[in-house]
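One line per chain: the protein sequences are A and B, in this order.
For the first sequence, full-length UniProt numbering puts the final residue at 374, and the numbers step up evenly by one.
For the second sequence, full-length UniProt numbering puts the final residue at 256, and the numbers step up evenly by one.
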Amino acid sequence: MSFLDTFNQLDWDEIKLTIASKTAADVEQALSASRLNHDQFLALISPAATPFLEQMAQKSLQLTRQRFGNTIQLYIPLYLSNKCTNICTYCGFSLDNKIRRKTLSMNELDAEIKAIKAHGFEHLLLVTGEAPGTVGMEYFRQVLPELRMHFSHISMEVQPLGQADYEELMNLGLDAVLVYQETYHRSAYKNYHLRGSKADFDYRLETADRLGKAGIDKIGIGALIGLEDWRTDAAMVAAHLDYLEKTYWRTRYSISFPRLRPCEGELHPVSIISDRQLVQLICAYRLFKPEAELSLSTRESARFRDNVLPLGITSMSAFSSTQPGGYVNDEFLEHTALEQFAIDDNRRPEQVADAIRVRGLEAVWKDWDNCYSH
Amino acid sequence: MLKIADKTLNSRLFTGTGKFHNRQAMADAIAASGSELVTMALKRVDLHSRDDDILEPLLQYPHINLLPNTSGARDAKEAVYAAQLAREALQTNWLKLEIHPDPKYLLPDPIETLKACEQLAQQGFIVLPYIHADPVLCKHLEEAGAAAVMPLGSPIGSNLGLKTREFLQIIIEQSKVPVVVDAGIGSPSDAAQAMELGADAVLVNTAIAVSPDPVAMAIAFKEAVSAGRRAYEAGLGSRSLEAHASSPLTAFLDDL
Numbered sequence: 001m002s003f004l005d006t007f008n009q010l011d012w013d014e015i016k017l018t019i020a021s022k023t024a025a026d027v028e029q030a031l032s033a034s035r036l037n038h039d040q041f042l043a044l045i046s047p048a049a050t051p052f053l054e055q056m057a058q059k060s061l062q063l064t065r066q067r068f069g070n071t072i073q074l075y076i077p078l079y080l081s082n083k084c085t086n087i088c089t090y091c092g093f094s095l096d097n098k099i100r101r102k103t104l105s106m107n108e109l110d111a112e113i114k115a116i117k118a119h120g121f122e123h124l125l126l127v128t129g130e131a132p133g134t135v136g137m138e139y140f141r142q143v144l145p146e147l148r149m150h151f152s153h154i155s156m157e158v159q160p161l162g163q164a165d166y167e168e169l170m171n172l173g174l175d176a177v178l179v180y181q182e183t184y185h186r187s188a189y190k191n192y193h194l195r196g197s198k199a200d201f202d203y204r205l206e207t208a209d210r211l212g213k214a215g216i217d218k219i220g221i222g223a224l225i226g227l228e229d230w231r232t233d234a235a236m237v238a239a240h241l242d243y244l245e246k247t248y249w250r251t252r253y254s255i256s257f258p259r260l261r262p263c264e265g266e267l268h269p270v271s272i273i274s275d276r277q278l279v280q281l282i283c284a285y286r287l288f289k290p291e292a293e294l295s296l297s298t299r300e301s302a303r304f305r306d307n308v309l310p311l312g313i314t315s316m317s318a319f320s321s322t323q324p325g326g327y328v329n330d331e332f333l334e335h336t337a338l339e340q341f342a343i344d345d346n347r348r349p350e351q352v353a354d355a356i357r358v359r360g361l362e363a364v365w366k367d368w369d370n371c372y373s374h
Numbered sequence: 001m002l003k004i005a006d007k008t009l010n011s012r013l014f015t016g017t018g019k020f021h022n023r024q025a026m027a028d029a030i031a032a033s034g035s036e037l038v039t040m041a042l043k044r045v046d047l048h049s050r051d052d053d054i055l056e057p058l059l060q061y062p063h064i065n066l067l068p069n070t071s072g073a074r075d076a077k078e079a080v081y082a083a084q085l086a087r088e089a090l091q092t093n094w095l096k097l098e099i100h101p102d103p104k105y106l107l108p109d110p111i112e113t114l115k116a117c118e119q120l121a122q123q124g125f126i127v128l129p130y131i132h133a134d135p136v137l138c139k140h141l142e143e144a145g146a147a148a149v150m151p152l153g154s155p156i157g158s159n160l161g162l163k164t165r166e167f168l169q170i171i172i173e174q175s176k177v178p179v180v181v182d183a184g185i186g187s188p189s190d191a192a193q194a195m196e197l198g199a200d201a202v203l204v205n206t207a208i209a210v211s212p213d214p215v216a217m218a219i220a221f222k223e224a225v226s227a228g229r230r231a232y233e234a235g236l237g238s239r240s241l242e243a244h245a246s247s248p249l250t251a252f253l254d255d256l
């Protein structure tokens with residue numbers, strides 16, 4: 001059994017229709033529930049919930065503060081490689097994009113570690129393109145023990161791996177894995193993923209199950225907003241989370257809501273989500289799962305991040321470079337030749353921490369210890 | 001005065017360090033609470049640097065005893081390792097043992113907690129285990145060497161108060177070690193009720209840290225704990241829905 005069995009019972013068009021048919025009464029009923037079911041979540045992401053946004057935000061803020069306190073976790077991504085064997089029409093790393101390719105050597109990795117540590121980060125997100133030949137288990141076996149010595153918490157956003165590989169990486173110090181389905185619309189997924197192993201929709205969908213079976217501490221899921229109808233994709237993410245929570249009950253979960261950003265080989269979003277709608281989505285997830293970690297990246301503007309961070313967000317990236325080797329050169333923001341996508345919030349870590357402080361919250365740099373890592 | 005292991009404490013209010021909006025607010029609230037035992041999550045402490053955000057402001061108060069906790073541990077093995085690190089880094093053998101493999105409600109694992117408590121007590125730790133309000137488990141932990149037991153009033157951070165009241169009463173009645181009601185205490189009246197039941201102390205974090213005025217709330221809890229304890233020591237009257245007539249119907253028998 002895996003989520004695939006549950007997923008195959010879900011009908012995209014039927015869910016889309018259900019969301020569209022939600023009424024103000026459905027939204028009010030969802031807002032008064034102490035624990036929401038999936039159908040009530042659909043009401044909160046529906047167009048009918050638009051007039052209730054302020055109420056949702058108030059409740060979301062209150063639930064977030066009660067559960068997570070007045071804190072925001074900070075993390076930084078480290079791009080290890082931009083090599084990729086996939087052709088994905090929305091991604092700057094896509095094989096058919098003519099960008100300079102680079103994989104960090106161990107010396108370059110050490111330099112990046114020093115540059116990142118100088119800013120105080122303890123939580124690290126490792127990112128690569130999908131190139132198992134160059135950036136596969138052999139490479140991870142080298143870099144993880146090195147990184148483990150320097151950071152308290154290590155997450156990974158790389159190609160899906162097998163359960164045994166995840167178990168091995170956990171023993172080397174891996175704490176969390178983020179794996180986004182991009183879109184849960186099966187035929188649209190096929191149109192976006194033209195070549196490479198990422199084209200295997202089912203294998204990607206079952207990654208969270210393999211992680212759950214491996215006993216990883218945290219799994220991050222989500223959809224790339226813009227590829228398909230955002231509301232239906234969000235409904236699928238919520239169903240996925242519901243299933244995972246019940247099945248792998250020892251694992252923590254995080255959700256991200258990346259919006260399509262400009263990159264090499266630019267693609268125009270199919271489903272535009274406005275700032276207002278993104279706030280609605282964040283609040284809906286919070287009301288649905290008060291315990292889920294909600295993460296906001298530097299894809300979003302500083303202004304948007306500052307205003308939305310108290311409403312439900314629990315972790316944020318800061319000072320991100322989306323290209324390998326980007327932190328060594330302090331002027332990296334000027335050099336974008338290798339990057340996956342353009343970031344919007346370019347502020348330095350201390351500026352982001354200040355902005356968090358201004359909102360009456362504390363920026364937390366360390367909230368995990370490697371004594372808990374297998 | 002409350003005695004746990006070799007320490008005598010004037011305050012029966014224990015506090016925590018998590019969820020505050022900044023470290024000064026944390027330090028001010030803890031100072032105002034009068035608390036002498038303050039728990040801190042090992043996962044938030046930078047073991048390599050003593051000027052860590054949480055630790056540093058507390059070190060200026062000599063009356064505050066640190067109680068590192070193993071929040072984040074999912075089994076006995078992780079908890080024991082975390083405890084050993086905490087002892088080395090913070091120079092204290094006091095430990096709040098927390099093992100919650102369930103990240104949703106953060107409910108404690110009784111089996112792993114008992115296992116870890118046995119090992120840690122043997123290694124010389126002063127162990128205060130966070131547990132469900134389970135009277136039998138409390139007796140097991142007592143035998144395993146726990147210095148106190150910390151049953152929950154309701155799920156951690158829920159502010160739901162004493163949902164486990166009847167079980168807390170049994171635990172308090174049976175326990176040979178101090179009973180500290182931990183988790184779920186959302187208001188000073190909850191804390192006062194726990195103390196009126198006969199709890200030796202309460203631990204409060206979320207209700208103080210998330211309050212718009214943490215210092216004022218800390219003072220309110222301090223006063224509530226003190227009032228609740230005084231009421232318990234004075235002896236509360238029994239409760240009844242029936243009126244007790246000042247001239248009972250059988251009074252005439254006394255004259256015979």
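C-beta atoms are modelled at their ideal positions from N, C-alpha and C, and glycine is treated no differently.
C-beta neighbour in chain A for B/Lys-96, strict 9 Å:
As a working note, residue 96 of chain B is residue 96 in the second sequence. Taking Cβ atoms only, chain A never reaches closer than 9 Å to B/Lys-96, which makes this a no.
Do B/Arg-12 and B/Pro-57 have their C-beta atoms within less than 9 Å of each other?
Position 12 of the second sequence, counted from the start, is the residue given in the question as residue 12 of chain B. Position 57 of the second sequence, counted from the start, is the residue given in the question as residue 57 of chain B. No, these two residues do not count as a Cβ contact at 9 Å.
If we ignore side chains and look at the alpha-carbon of each, how far apart do B/Thr-92 and B/Leu-42 end up?
On the second sequence, position 92 is the one that residue 92 of chain B refers to. On the second sequence, position 42 is the one that residue 42 of chain B refers to. B/Thr-92 and B/Leu-42: Cα-Cα distance of roughly 12 Å.
Can you name the start and end residues of the alpha helix (DSSP H) that B/His-140 belongs to?
In the second sequence, residue 140 of chain B corresponds to position 140, counting from 1. 135-144 is the span of the alpha helix (DSSP H), which, as asked, contains B/His-140.
Is the CB-CB distance between A/Thr-251 and A/Gly-212 below 9 Å?
If you number the first sequence from 1, residue 251 of chain A lands on position 251. If you number the first sequence from 1, residue 212 of chain A lands on position 212. In contact: A/Thr-251 and A/Gly-212 (Cβ atoms closer than 9 Å).
State the beta-bridge partners of A/Ser-295 as determined by DSSP.
For this step, residue 295 of chain A is matched to residue 295 along the first sequence. Beta-bridge pairing links A/Ser-295 to A/Ser-256 and A/Ser-315.
Could you tell me which whole alpha helix (DSSP H) segments of length 4 or greater appear in the region 79-138 of chain B?
Entirely contained in the region 79-138 of chain B, the alpha helix (DSSP H) runs reaching 4 residues are, in chain order, 110-122.
Which residues bound the beta strand (DSSP E) around A/Ile-343?
Residue 343 of chain A sits at position 343 when you count from the first residue of the first sequence. Careful: A/Ile-343 lies outside any beta strand (DSSP E) and carries neither H nor E.
Whose C-beta lies closer than 6 Å to the C-beta of A/Ser-320 among residues of the same chain, with five residues either side of it excluded?
In the first sequence, counting from the first residue as 1, residue 320 of chain A sits at position 320. Cβ neighbours of A/Ser-320 beyond the five flanking positions: Pro-77, Thr-298 and Ile-343.
Identity of the residues DSSP links to B/Lys-7 by a beta bridge
Within the second sequence, numbered from 1, the residue matching residue 7 of chain B stands at position 7. Beta-bridge pairing links B/Lys-7 to B/Ile-4.
Please list the partners that B/Thr-206 has in chain A, where partner means a Cβ-to-Cβ separation under 8 Å.
Along the second sequence, read from residue 1 onward, the residue named residue 206 of chain B stands at position 206. For a Cβ distance threshold of 8 Å, residue set Gln-66 and Gly-69 of chain A lies close to B/Thr-206, ordered along the chain.
Got a sec, what are the start and stop residues for the alpha helix (DSSP H) B/Ala-227 sits in?
As a working note, residue 227 of chain B is residue 227 in the second sequence. Counting along the chain, the alpha helix (DSSP H) containing B/Ala-227 begins and ends at 214-234.
Taking only beta-carbon positions, decide if A/Val-358 is within less than 9 Å of chain B.
Counted from its first residue, the first sequence places residue 358 of chain A at position 358. So, not an interface residue.
Below 8 Å on the Cβ atoms is my contact criterion, and I expect A/Leu-124 with A/Tyr-79 to pass it. Report the Cβ-Cβ distance as a whole number of Å.
Taking the first sequence and counting its residues from 1, the one referred to as residue 124 of chain A is at position 124. Taking the first sequence and counting its residues from 1, the one referred to as residue 79 of chain A is at position 79. Not a contact, Cβ separation roughly 11 Å.
Please list the partners that B/Leu-85 has in chain C, where partner means a Cβ-to-Cβ separation under 8 Å.
The chain inventory of the structure shown lacks chain C, comprising the protein chains A and B.
What is the DSSP secondary structure of B/Phe-14, reduced to helix, strand or coil?
Here residue 14 of chain B refers to the residue found at position 14 when the second sequence is read from its first residue. It is a strand residue.
Could you check where the beta strand (DSSP E) with B/Gln-60 kicks off and where it finishes?
The residue you call residue 60 of chain B lines up with position 60 of the second sequence. Taken as a continuous stretch (DSSP letters only), B/Gln-60 belongs to no beta strand (DSSP E), as it is neither H nor E.
Can you pull the chain A neighbours of B/Val-127, defined as C-beta to C-beta under 7 Å?
Position 127 of the second sequence, counted from the first residue, corresponds to residue 127 of chain B. Chain A residues near B/Val-127: none, gap ~17 Å exceeds 7 Å.
At a CB-CB cut-off below 8 Å, which residues of chain B make contact with A/Arg-204?
Counted from its first residue, the first sequence places residue 204 of chain A at position 204. Correct list: empty, because the minimum Cβ distance to chain B is about 24 Å.
Beta-carbon proximity list for B/Met-1, same chain, < 8 Å, skipping 5 on both sides
Stepping through the second sequence from its first residue, residue 1 of chain B is reached at position 1. Only Thr-8, Leu-9 and Asn-10 meet the Cβ criterion.
Just to confirm my understanding: we take A/Ile-273, look at its own chain, exclude 5 residues before and 5 after, and list those with CB closer than 8 Å. What are they?
The residue given as residue 273 of chain A occupies position 273 in the first sequence. Closer than 8 Å at the Cβ level, and outside the excluded window around A/Ile-273, lie Ile-225, Gly-226, Trp-230, Arg-259 and Leu-281.
Does any residue of chain A bring its CB to less than 9 Å from the CB of B/Pro-62?
Within the second sequence, residue 62 of chain B is the residue found at index 62, counting from 1. Taking Cβ atoms only, chain A never reaches closer than 9 Å to B/Pro-62, which makes this a no.
Under the rule that 16 or more other beta-carbon atoms within 10 Å means buried, what is A/Met-106, buried or exposed?
Here residue 106 of chain A corresponds to residue number 106 of the first sequence, with the count starting at 1. Exposed.
Buried or exposed for B/Ile-111, going by 16 or more other Cβ atoms inside 10 Å?
In the second sequence, the residue the question calls residue 111 of chain B occupies position 111. The residue in question, B/Ile-111, is exposed, as its Cβ has fewer than 16 Cβ neighbours within 10 Å.
Closer than 9 Å, CB to CB, is B/Ser-247 near chain A or not?
Start at 1 with the first residue of the second sequence, and residue 247 of chain B comes out as number 247. Taking Cβ atoms only, chain A never reaches closer than 9 Å to B/Ser-247, which makes this a no.
Decide if A/Asn-37 is buried, meaning its Cβ has at least 16 other Cβ atoms within 10 Å, or exposed.
In the first sequence, residue 37 of chain A corresponds to position 37, counting from 1. Classification of A/Asn-37: exposed, given that the 10 Å Cβ count is below 16.
Cα-Cα separation between A/Leu-63 and B/Val-45, rounded to whole angstroms
Counting from one through the first sequence, the residue named residue 63 of chain A turns up at place 63. Counting from one through the second sequence, the residue named residue 45 of chain B turns up at place 45. So the two alpha carbons sit approximately 25 Å from each other.
For the beta strand (DSSP E) containing A/Pro-324, name the first residue and the last one.
If you number the first sequence from 1, residue 324 of chain A lands on position 324. No beta strand (DSSP E) holds A/Pro-324; DSSP gives it neither H nor E.
What's the C-alpha gap between B/Lys-25 and B/Leu-152?
Position 25 of the second sequence, counted from the first residue, corresponds to residue 25 of chain B. Position 152 of the second sequence, counted from the first residue, corresponds to residue 152 of chain B. Here residue 25 of chain B turns out to be Ala, not Lys, going by the sequence shown. If I take the Cα positions, the gap works out to 26 Å.
8 Å Cβ cut-off: residues of chain A touching B/Arg-44
If you number the second sequence from 1, residue 44 of chain B lands on position 44. Per Cβ cutoff of 8 Å: Val-364, Lys-366 and Asp-367.
So, with DSSP's three-state summary, where would you put A/Gln-277?
The residue given as residue 277 of chain A occupies position 277 in the first sequence. The answer is helix: DSSP assigns A/Gln-277 an H, G or I state.
Only counting the same chain, and skipping five residues up and downstream in sequence, which positions put a Cβ closer than 8 Å to that of A/Thr-134?
Along the first sequence, one-based indexing puts residue 134 of chain A at 134. Same-chain partners within the cutoff: Ser-81, Lys-83 and Thr-103.
Using a Cβ-based criterion (distance less than 8 Å to any ligand heavy atom), does A/His-153 qualify as near the ligand ATP?
Questions concerning the ligand ATP fall outside what the structure shown contains, since it holds no ligand whatsoever.
Assuming A/Met-156 is part of the alpha helix (DSSP H), what are its boundary residues?
Taking the first sequence and counting its residues from 1, the one referred to as residue 156 of chain A is at position 156. In this chain, A/Met-156 is not harboured by any alpha helix (DSSP H); it is covered by the beta strand (DSSP E) spanning 153-157.
Length of the line joining the Cα atoms of A/Tyr-189 and A/Gln-9
Within the first sequence, numbered from 1, the residue matching residue 189 of chain A stands at position 189. Within the first sequence, numbered from 1, the residue matching residue 9 of chain A stands at position 9. Answer to the nearest angstrom: the Cα atoms are 18 Å apart.
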